[in-house]
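In my numbering, the protein residues as written are 429 to 711.
Quick notes on the structure that follows.
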Amino acid sequence: MIVNTKEMLEQAKREHYAVPHFNINNLEWTRYILEACQENKSPVIIGVSEGAIQYMGGALTVANMVRSLVQDLAITVPVAIHLDHGSSVESCKTCIDAGFTSVMIDASKYDLAENIRIVKEVVAYAHPKDITVEAEIGHIGGMEDHVSSSIAYADQNDAIRLVTETKIDTLAPAVGSVHGIYKGLPNIRIDLINDIKHDTALPLVLHGGSGIPDDIIRNSIIAGICKLNINTELQLAWSQAVRQYLQEQPDIYDPRKIIKSGASAMKQMIKEKILLLGSNDKA
Ligand code: 13P
429 MIVNTKEMLE
439 QAKREHYAVP
449 HFNINNLEWT
459 RYILEACQEN
469 KSPVIIGVSE
479 GAIQYMGGAL
489 TVANMVRSLV
499 QDLAITVPVA
509 IHLDHGSSVE
519 SCKTCIDAGF
529 TSVMIDASKY
539 DLAENIRIVK
549 EVVAYAHPKD
559 ITVEAEIGHI
569 GGMEDHVSSS
579 IAYADQNDAI
589 RLVTETKIDT
599 LAPAVGSVHG
609 IYKGLPNIRI
619 DLINDIKHDT
629 ALPLVLHGGS
639 GIPDDIIRNS
649 IIAGICKLNI
659 NTELQLAWSQ
669 AVRQYLQEQP
679 DIYDPRKIIK
689 SGASAMKQMI
699 KEKILLLGSN
709 DKA
């Protein structure tokens, strides 16, 4: 069932769990994610970056692929097709027109006034079409920010202004996570998640979900995280399994067998994440 993210995240907020957002790269990944979420009765957000959209051919190809797989595989759990880190109003509009049900507009690199202006434009286009909108406050960077401790934590007052002035549906505040694998432990500000949840009353999003210890994830969910974005850990699980398969089977050349050799490692990882987030049996 293709839906936007509003209902699934509101339910997660009410029932104190988080919905997994898994990034896709191709048809096979989409299939493994959908099947694993169906098996575990979990709602799921299929996250697609602009790079992945380009890689797969375009937004229309991606939206139609996800929609067709949901039909062909008889997937009944709620599935959202979500643009991850949309960099411009145009990019969000293209995805909405193509059939995405949810977009993130990431204007966090701009000052607050400009961030608000850009997000408002996306909301004005998305909401009449029943498309949900996520925005970012503070800046969630990569490992270089973690190593140099230059993480730009979200400002509470800025978060309140962004939410009240734009009417977004979900907010991704920078609370100490980064994209990619951590060197050392991340300093996730649980107190900040809690404060922003109380200030905004919105379901909150934690980016950079790979490599964060389980107890920190659980505490983040208690504090207000309702959506956890996971990309790198799936990539690691898949590529390690494929690498091992190719070493053990040096004569294999059928691409279907090669790609599929990473399926069970990926599905196992997805299941573990679903159980960690508590989204199993919620669909
Ligand atoms: P990771 O690659 O660290 O899991 O982050 C994913 C993410 O936040 C996508 O938006």
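Don't be surprised by glycine CBs; every beta carbon is placed ideally from N, CA and C.
Coarse secondary structure for residue i, derived from DSSP in three states
i	result
Lys-685	helix
Thr-598	strand
Thr-433	coil
Pro-556	helix
Leu-511	strand
Asn-708	coil
Ile-618	helix
His-567	strand
His-444	coil
Ala-541	helix
Ala-491	helix
Ala-580	strand
Ser-516	coil
Ala-502	coil
Ile-680	coil
Ile-645	helix
Ser-667	helix
Sequence-distant residues of its chain with Cβ nearer than 7 Å to residue i (five each side left out)
i	result
Lys-691	Just to set this straight, residue 691 is Ala in the shown sequence, not Lys. Tyr-460, listed in sequence order.
Arg-495	Ile-430, Gly-527
Val-551	Val-561, Thr-594, Lys-595, Ile-596
Lys-625	Leu-632, Ala-651, Gly-652
Lys-699	Ala-464, Asn-468
Gln-584	Asp-623, Ile-624, Asp-627
Counterpart residues of residue i in DSSP-defined beta bridges
i	result
Val-633	Lys-655
Asn-451	Gly-475
Val-561	Val-531
His-626	The partner list for His-626 (beta bridge, DSSP) is empty, contrary to what the question assumes.
His-607	Gly-570
Close beta carbons around residue i, own chain, < 8 Å, minus the five adjacent residues each side
i	result
Arg-589	Leu-540, Ile-544
Lys-469	Val-505, Asn-708, Asp-709, Lys-710, Ala-711
Leu-704	Asp-642, Ile-645, Arg-646
Tyr-610	Met-571, His-574, Gly-639, Ile-640
Leu-501	Arg-459, Leu-462, Glu-463, Gln-466
With 16 other Cβ atoms within 10 Å as the buried cut-off, status of residue i
i	result
Leu-662	buried
Arg-617	buried
Leu-613	exposed
Leu-462	buried
Leu-511	buried
Glu-562	buried
Ser-577	exposed
Gly-514	buried
Asn-451	buried
Ser-536	buried
Ser-667	exposed
Gly-475	buried
Ile-680	exposed
Tyr-538	exposed
Pro-556	exposed
His-444	exposed
Asp-534	buried
Asn-432	buried
Cβ shell of residue i (< 6 Å), same chain only, five flanking positions each side left out
i	result
Gly-637	Leu-656, Asn-657, Ile-658
Tyr-673	Ser-689
Lys-521	Tyr-553
Gly-569	Val-606
Ile-484	Note that residue 484 corresponds to Met in the displayed sequence, not to Ile. These residues qualify, in order along the chain: Val-490.
Ile-565	Ala-582, Asp-586, Ala-587, Leu-590, Pro-601
Val-670	Ser-689, Gly-690
Ile-649	Ala-446
Met-436	Val-447, Pro-471, Pro-506
How would the residue list near the ligand 13P read, in chain order, if you kept each one whose beta-carbon is closer than 5 Å to any heavy atom?
Any residue whose Cβ sits closer than 5 Å to a heavy atom of the ligand 13P makes the list: Asp-512, His-607, His-635, Gly-636, Gly-637, Ser-638, Asn-657, Ile-658, Asn-659, Thr-660.
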